[in-house]
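Working notes, structure below.
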Amino acid sequence: MSQLICTDLILGYEGQEILSGVSFAVEQGDYVCILGENGSGKTTLMKTILGLRKPMSGTIETGDGLSPREIGYLPQQNSIQRDFPASVREIVVSGFQGQCGLRPFYTKAEKLQAEKNMELMGVADLKKRCYRELSGGQQQRVLLARALCATKKMLLLDEPVAGLDPKATQEMYSLIERLNKEHGITIIMISHDLRAALQFADKILHIGGELFFGTRSEYLRYAASHREEAVGNA
Amino acid sequence: MLDTLYYYLQFSQVRYALIVGVLVALCASLLGVTLVLKRFSFIGDGLSHVAFGAMAVSSITGVLVSQWKPVIDSTNGMIIVMPLTVLSAVLLLRTGKNAKVKGDAAVAMISVGALAIGYLLMNLDVFPKSANISGDVCSTLFGSLSILTLTEGEVFFCLAVSVIVTAVFIIFYNKIFSVTFDEDFATATGTKASAYNLLIAIIIAVIIVISMNLVGSLLISALIIFPALSAMRLLKSFKAVTVCSACLSVFCAALGIILSILLSTPVGSTIVAVNIAAFGVFWLIGAAKGGFKRA
């Protein structure tokens, strides 16, 4: 059974369809890139998978031992966070909140795991620093460490390298690759960066216009044939 | 000066005022950071106007339904004001999400509406002509000229509410942090963010109602927001900011009450003035620190 199965999703706002007929399945350990124009509904799709909004129709199922609450999420930065007075440690450990239920405080084991995740992301030495004083790349790694507290199985990343300089971008990509290859975490990533998508992802989901879902090599063939068509039409 | 203070402190009324002032200030400061960062400050402001309107409703009910008057008087109107304000908090949060009238416009409508209706009700003919309406209105808006008229019952009520508010805040501290910092992430990973937003709104409503006697409905927002904003100038973690704003708020309230007694100024505005001064000091220190770092 696949970890995540989306069937015939139709997404939209207030009765207005923006995306329809989205069907795909993600297996454990996959590295999926979601490509598409601005405004094609990539973030909406991601929020729907996370259960933050309801699809207009269609179903999202999780399987293979994955519960819908075990999906980690790296959102795009919001304006609140830019002036939020919080230390790195406070933010990372808050990744466990969803598992707390009504328990008011974090356990020792959770705090320890948060430390480990900070080390894994290379932000352990920043743990007492204030989040808003960090560089963009450091902030993203902090949020990634938090997402790791929420999941060991699947991460959804919404443009994780947006606004980062080339060096930080490279670091971010190699961290994500390590999580995928060494820790076996399924990655679903929204990206603008076609080259990186083709370098790292094993599967591509292209939305907006014609829908495509398949492996990297299938996508290359698909893109090539479309280019020929375009050339032929011209 | 100290002698005068010592002389005043011998009166139980003055001690009550200090106790209530400190408790109210403590509660008010707790949710300040959340309010500022979640852009909820306008809800706080709107609710304080609602509380004013509710106060008018409670006095008019006291006059119209004479058998309720003892109950209303003995609770200082709280029995009507508290539920009305909490209800408005819930409604404001609901409309903020998915109504035709968008959040801030809805708040503006409700707050000025409540203000106008409240004042209208207070000026209706049902009140005995001798009643000091402008005095009542003024003290509801800006706080009593002195809070030296507190009864023992009011002090205990305030004490009980403060203990509950503080306990709820501590128990839900981590959840409030998660929901404030990143609502989407919290919801996606299984935290019931909308329930906690509701909890935050209800606590705010309760705090506003118990602060009303001290600083009046127009000045409550200052009590909630200033300590948090001051602490945010200097401190770097959520816990440090929360603890610092609580201490600062308590300190400012105590100092404000003492000053108001010594200088015979209105309590509410004196406390707010002290808070503004504290903000100025924190801002200067923050700016100086930033300057050193850059240099």
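Going down the list, the protein sequences come from chains W and C.
Letter by letter, the first sequence follows residues 552 to 785 in the numbering used here.
Letter by letter, the second sequence follows residues 41 to 335 in the numbering used here.
Using N, Cα and C, we set each Cβ at its ideal position, and we do this for glycine too.
Keep in mind that this is a model prediction, so the values were computed, not measured.
Query                                                                                                                                                                                        : Result
Nearest CA to the CA of residue 273(C): which residue from 740(W), 684(W), 691(W)?                                                                                                           : 684(W)
Could you tell me whether the Cβ atoms of residue 68(C) and residue 288(C) are closer together than 8 Å?                                                                                     : no
Quick one: what's residue 763(W) bridged to in DSSP?                                                                                                                                         : 757(W)
Roughly how many whole angstroms lie between the Cα atoms of residue 261(C) and residue 737(W)?                                                                                              : 46 Å
Can you look up residue 60(C) in the DSSP assignment and give me helix, strand or coil?                                                                                                      : helix
I need the boundaries of the alpha helix (DSSP H) containing residue 217(C), first residue and last residue.                                                                                 : 213-221
From residue 552(W) to residue 577(W), what distance separates their C-alpha atoms?                                                                                                          : 10 Å
Using a Cβ-Cβ distance cut-off of 8 Å, determine whether residue 215(C) contacts chain W.                                                                                                    : yes
If we count the other Cβ atoms within 10 Å of its Cβ and call it buried at 16 or more, is residue 805(W) buried or exposed?                                                                  : Nothing about residue 805(W) can be reported from this structure: the residues present for chain W run from 552 to 785 only.
With a cut-off of 8 Å on the beta carbons, I'd call residue 664(W) and residue 674(W) a contact; round off their distance for me.                                                            : 14 Å between Cβ atoms; not a contact.
Can you tell me the Cα-Cα spacing of residue 280(C) and residue 73(C), whole angstroms?                                                                                                      : 11 Å
Where does the unbroken beta strand (DSSP E) through residue 658(W) begin, and where does it stop?                                                                                           : Per DSSP, residue 658(W) belongs to no beta strand (DSSP E) and is neither H nor E.
Touch check for the stretch 623-633 of chain W and the stretch 213-224 of chain C: three-plus C-beta pairs under 8 Å?                                                                        : yes
To the nearest angstrom, report how far apart residue 715(W) and residue 703(W) are at their CA atoms.                                                                                       : 25 Å
Skipping 5 residues on each side, what residues in its chain have a beta carbon closer than 6 Å to that of residue 198(C)?                                                                   : 60, 63, 250
Who are the Cβ neighbours of residue 177(C) in its own chain at under 8 Å, not counting the five residues just before and after it?                                                          : 159, 162
Assuming residue 740(W) and residue 585(W) make a contact with CB atoms under 8 Å, what is their CB distance in whole Å?                                                                     : 7 Å
Touch check for the stretch 227-240 of chain C and the stretch 85-93 of chain C: three-plus C-beta pairs under 8 Å?                                                                          : no
Can a CB atom of chain C be found closer than 8 Å to the CB of residue 690(W)?                                                                                                               : no
Among the candidates 49(C), 45(C), 65(C), whose CA atom is the shortest distance from the CA of residue 308(C)?                                                                              : 65(C)
Might you give, ordered along the chain, the residues of its own chain that have their beta carbon closer than 7 Å to the beta carbon of residue 310(C), omitting 5 neighbours on each side? : 296, 299, 300
Do you know whose CA, among 743(W), 763(W), 745(W), 701(W), lies nearest residue 227(C)'s CA?                                                                                                : 701(W)
Compare the C-beta of residue 318(C) against all C-beta atoms of chain W and say whether one is closer than 8 Å.                                                                             : no
Whose Cβ in chain W lies nearer than 8 Å to the Cβ of residue 211(C)?                                                                                                                        : 655
In terms of residue numbering, what span does the alpha helix (DSSP H) encompassing residue 648(W) cover?                                                                                    : 648-651
Taking the alpha carbon of residue 213(C) as the point to measure from, which residue in 653(W), 766(W), 733(W), 611(W) has its own alpha carbon closest?                                    : 653(W)
Specify the secondary structure class of residue 576(W) as computed by DSSP and reduced to three states.                                                                                     : strand
How about residue 665(W): is its C-beta nearer than 8 Å to some C-beta of chain C?                                                                                                           : no
Would you verify that the beta carbon of residue 759(W) is, or is not, closer than 8 Å to some beta carbon of chain C?                                                                       : no
Under 8 Å, Cβ to Cβ, is there at least one residue of chain W near residue 283(C)?                                                                                                           : no
In the structure shown, what three-state DSSP assignment does residue 716(W) receive?                                                                                                        : coil
Could you check where the beta strand (DSSP E) with residue 30(C) kicks off and where it finishes?                                                                                           : Any question about residue 30(C) goes unanswered here, given that chain C covers just 41 to 335.
As an exercise, report each continuous alpha helix (DSSP H) stretch of at least 4 residues that is fully enclosed by the stretch 71-99 of chain C, in chain order.                           : 72-77
Of the residues that make up the stretch 224-242 of chain C, which ones have a beta carbon closer than 7 Å to any beta carbon in chain W?                                                    : 224, 225, 226, 227, 228, 229, 230, 231
Could you tell me the distance, in whole angstroms, from the CA atom of residue 107(C) to the CA atom of residue 121(C)?                                                                     : 18 Å
Does the distance from the CB of residue 661(W) to the CB of residue 643(W) come in under 8 Å?                                                                                               : no
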